[in-house]
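A.B. asks: Sharing a structure here in structure tokens format.
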Amino acid sequence: MVLARRASLGDLPSLPPIFNHCIENTVISFRLSPIGVDFFEDILNTTCAHDLPFFVATTLASPTEPSTDVEGILVVENVIGYAYAMPWRASYAAYRHTIEISIYVHPEYQSVGAGTALMDTLMTALRTTRVRDPTANPDMVKDCDDDDGGLEKADGTGRIREVLVIMSLDIEGRDGGLGFILGGDLKGLGT
């Protein structure tokens, strides 16, 4: 059984092997060199600073794997994937309602529901997430009672309006592209 839950510092050492496999064996990432735990520490810090979600997918592990004590119950699990949302071009205020998501699953655990669990959990969280605009100008912020449905509050937070995903998209496949629409093709990019 695959479960998705919030990521913690203790999960981060499990993530580089997942991403490094993609760097070394696929064209999914444009990175050319393997990364370490510090890469994910930066991501966790950024997601926390912007109140954006970061999840891991887990499965039950053998008793010899590391364990986590959750509410007094010993749970033995493997981290098999991760998903997070990051601000898109955070230094540009006009993009404040746009985020990008990343989802990666360990190659040995693909097609067992980990990606679906992560996507479902991430998209559910994003429906209620409000993004912060660190450059918010109170004169430009709309009131929650405006006709636009309160896209922004006086504190400079607003609903996420756009989710950017660069992925293989099969809109005619089993899940119909998971509700995403094709915005364009990046032919030859990264080759």
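Heads up: the sequence shown is residues 9 to 199, going by this note's numbering.
By construction, the Cβ of each residue, glycine as well, lies at the ideal position given by its N, Cα and C atoms.
1. When you compare only the Cα positions, how much space is there between Ser110 and Leu68?
2. Pull up the distance between the alpha-carbon of Cys56 and that of Asn33, whole angstroms please.
3. For Tyr90, which beta-bridge partners are listed by DSSP?
4. May I have the straight-line CA-CA distance separating Leu23 from Thr136, to the nearest angstrom?
5. Can you tell me whether Glu85 is buried or exposed? The criterion is at least 16 other CB atoms within 10 Å of its CB, across all chains shown.
6. I need the straight-line Cα distance from Arg14 to Val113, nearest angstrom please.
7. Please classify Thr137: does DSSP put it in a helix, a strand, or coil?
8. Look up Ala101 in the DSSP assignment and say whether it is helix, strand or coil.
9. If I measure Cβ to Cβ from Val120 and keep anything under 7 Å in the same chain, skipping five residues before and after, which residues do I get?
10. Once the 5 residues before and after Ile26 are set aside, which same chain residues still bring their CB inside 6 Å of it?
11. Going by the DSSP bridge assignment, what does Arg13 pair with across the sheet?
12. Between which two residues does the alpha helix (DSSP H) harbouring Ile26 extend?
13. Is it buried or exposed for Arg39, if we count other Cβ within 10 angstroms and need 16 for buried?
14. Among Gly89, Gln118, His29 and Phe62, whose alpha-carbon lies nearest the alpha-carbon of Pro95?
15. Using a Cβ-Cβ cutoff of less than 8 Å, which residues in the same chain neighbour Ile51 once the five nearest sequence positions on both sides are dropped?
16. In whole angstroms, give me the CA-to-CA distance for Asp59 and Leu134.
C.D. replies: Let's see:
1. Cα-Cα distance, rounded: 23 Å.
2. 30 Å
3. Val64 and Tyr112
4. 26 Å
5. buried
6. 15 Å
7. Thr137 sits in coil when the DSSP states are folded into three classes, being neither helix nor strand.
8. helix
9. Val10
10. Tyr112 and His114
11. Note: Arg13 is bridge-paired with Val64 in the DSSP secondary-structure output.
12. Leu23 to Asn33
13. exposed
14. The shortest Cα separation from Pro95 among Gly89, Gln118, His29 and Phe62 belongs to Phe62.
15. Phe62, Tyr92 and Met94
16. Rounded to whole angstroms, the gap between the alpha carbons of Asp59 and Leu134 is 10 Å.
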